[in-house]
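S.K.: Quick one: the structure is below, questions incoming.
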Amino acid sequence: MKHRITTDVRDRLMEIEGVKGVEVDFGVMTDEDRQNLMTSLHGGPAELAPAFRDESKTRIIAVVSGKGGVGKSTVAVNLAAALDRAGKSVEILDADVYGSSIPVMLGATEKPNVVGGVIFPIESATGLKFISMGNFVNEGQAVIWRAPIVNKALTQLMRDVYWDEPDFIIVDMPPGTGDVALTVAQMIPKAEALVVTTPQADAARVAVKAGKMAVQAHLKVIGVVENMSHAECPDCGKELKIFGGDGGERVSAELDSKILGRIPILPDDSGEPGKSLFAEDTAPAQAFDEMAAGLAATKVRRRIKVL
């Protein structure tokens, strides 16, 4: 670990014009040093990280769905990748504690580094940074926690993780409208909700409920994503509505919102660990790029805390 830190620090500093050489020394922090570090990073031990506060420039996009199996996490990681391609700084918070899949999807299941009580996001091979409860438990271990414990854990992830105030933080929310999903929504009042559905009527029906929960928690619903919208015929290029229905249209109408993207099915998508990002030249990736461009071009009014 020391060798890696030394190499990373030296390489980064040597990129600065005028720097001729770098020496890295290691020491042990005192309790006072640790407290000062926490204060400098977060403004105090009891506060949420700066990125989650109302006055921060960071936009929090909460990806929600009414049920599992609609590709919510796939949408979250691919939207993050598209924003990264658009030149925006982006990090991911996996708040789906019971079904955390982000570590496997990004091929980074190691435990995060912790320095002086500050948890540092994991950087995957794709360059995307994220944090997930899945990185704190052994692989394959079930998380059997009651809601109060989950809420406490998520609070810690928003308080003790060094979120570097990126342009965007993508939050992969728990599916449904349960206590955990509601609590997370209430903890981040400045978050913007992105509702994921599939074309099927059942998925659309519960997606509407998830969107209405977000509204009740005073989150702004910025749009709807219809995942697995269609497939393209390899012979004629015609769109094939494999799952039928018009779930995206129904959800957007019910929530008085717009459809930000229709993500087509890629027949040869393997879904293997570490291979959940669509190649840039595929139709799904291009759909995400269009979504990212729209989000990046949208400016929101920040909430200013009045003392």
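Start counting the sequence shown at 841; every next residue gets the next number (the numbering used here). Just so you know, even glycine gets a beta-carbon here, dropped at the ideal spot from N, CA and C. A quick note: this is a predicted structure, and the numbers were derived from the prediction, not measured.
(1) With respect to the beta strand (DSSP E) encompassing Thr949, which residues constitute its N-terminal and C-terminal limits?
(2) Would you mind working out which of Val944, Arg1090 and Glu1120 sits nearest Val1046, comparing C-alpha positions?
(3) Decide if the region 995–1011 is in contact with the region 926–939; the criterion is three or more beta carbon pairs, one per stretch, under 8 Å apart.
(4) Ala1033 bridges to which residues according to DSSP?
(5) Helix, strand or coil for Arg1102? Go by DSSP, reduced to three states.
(6) Assuming Leu1059 and Ala1033 form a contact by the criterion Cβ under 8 Å, report the distance between their Cβ atoms to the nearest whole angstrom.
(7) Check whether the region 973–990 touches the region 1051–1068, counting contact only when three or more Cβ pairs, one atom from each stretch, lie closer than 8 Å.
(8) If you follow the alpha helix (DSSP H) that Glu1130 is part of, which residue opens it and which one closes it?
(9) Output needed for Lys1145: all residues of its chain with C-beta closer than 7 Å, excluding positions within five of it in sequence on either side, in chain order.
(10) When you compare only the Cα positions, how much space is there between Glu855 and Ile900?
(11) Buried or exposed: Glu857, going by 16 or more other Cβ atoms within 10 Å of its Cβ?
(12) Could you name the residues that DSSP lists as bridge partners for Phe970?
(13) Three-state secondary structure (DSSP) at Glu863?
(14) What three-state label does DSSP hand Glu855 in the structure shown?
(15) The alpha helix (DSSP H) spanning Ile989 covers which residue range?
(16) Please classify Ala1021 as buried or exposed, where buried requires at least 16 neighbouring CB atoms within 10 angstroms.
(17) Just to confirm before moving on: does the CB-CB distance between Ser1097 and Val1064 stay below 8 Å?
(18) So, does the region 979–994 touch the region 963–970, judging by three or more C-beta pairs under 8 Å?
(19) Between the region 949–957 and the region 984–999, do three or more beta carbon pairs fall short of 8 Å?
(20) Could you pull out every residue in the same chain whose Cβ sits closer than 7 Å to the Cβ of Gly908, ignoring the five residues on either side in sequence?
(21) Who are the Cβ neighbours of Gln1040 in its own chain at under 8 Å, not counting the five residues just before and after it?
(22) Taking C-beta to C-beta, are Met1013 and Asp1075 nearer than 8 Å?
M.R.: From the atom records:
(1) Here Thr949 belongs to no beta strand (DSSP E), and DSSP marks it neither H nor E.
(2) Arg1090
(3) yes
(4) Ala902 and Val1061
(5) strand
(6) 5 Å
(7) no
(8) Ala1123 to Ala1137
(9) At Lys1145 the pLDDT is 48, less than 50, meaning the model places this residue with poor confidence; the figure from the coordinates comes in the next sentence. Cβ within range, chain order: Asp894 and Glu895.
(10) 31 Å
(11) exposed
(12) Ile932 and Ile962
(13) coil
(14) coil
(15) Ala987 to Arg999
(16) buried
(17) yes
(18) no
(19) no
(20) Gly939 and Pro1015
(21) Phe1083, Gly1084, Gly1085 and Gly1087
(22) no
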